[in-house]
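Right, one structure below, let's go through it.
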Amino acid sequence: MPSKGYKSDNIIRHILPNSYKKVIVSNIKDLEALTSLNRFYCAQIAHEVGAKKRIEIVCRANELDILVLNKDARLVSEGKE
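Here it is, written out as structure tokens:
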């Protein structure tokens with residue numbers, strides 16, 4: 005059992021180094037909830053989201069001025085070498 009005292013403070017526990025808190029987004033509706041909180045929260049696109057929906061989410065996030073952590077993931081097709 006871990007000893008007491010190894011947790012971060014409640015104030016900084018879930019804050020990233022860029023001073024944002026991360027929210028996992030699966031669709032555009034989840035992204036719309038962050039419109040008024042875009043100074044405190046950033047979006048991370050969920051793993052199960054496909055490339056087509058991912059492009060829509062990234063475009064909408066740019067319009068709403070929301071930071072997306074993994075905006076380049078799965079958007080570049082891998083070519084044969």
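Residue 85 is where the sequence shown ends in this note's numbering, and the numbering goes up by one at each step.
Glycine included, every Cβ here is placed at the ideal spot set by N, Cα and C.
Cβ distance (whole Å) where residue i is taken to contact residue j below 8 Å
i, j, result
"Leu-79", "Ile-59", "7 Å"
"Asn-2", "Leu-68", "Nothing about residue 2 can be read from this structure; the chain reaches only from 5 to 85."
Euclidean distance between Cα positions of residue i and residue j
i, j, result
"Tyr-24", "Asn-74", "14 Å"
"Asp-34", "Ala-65", "11 Å"
"Phe-44", "Ile-16", "13 Å"
"Met-5", "Asn-22", "32 Å"
"Lys-11", "Glu-52", "30 Å"
"Val-29", "Asp-13", "26 Å"
Sub-8 Å separation of residue i and residue j beta-carbons
i, j, result
"Ala-47", "Ile-70", "yes"
"Leu-20", "Val-27", "no"
Best match in the options for proximity to residue i [C-alpha to C-alpha]
i, options, result
"Gly-54", "Ala-77, Asn-22 and Tyr-10", "Ala-77"
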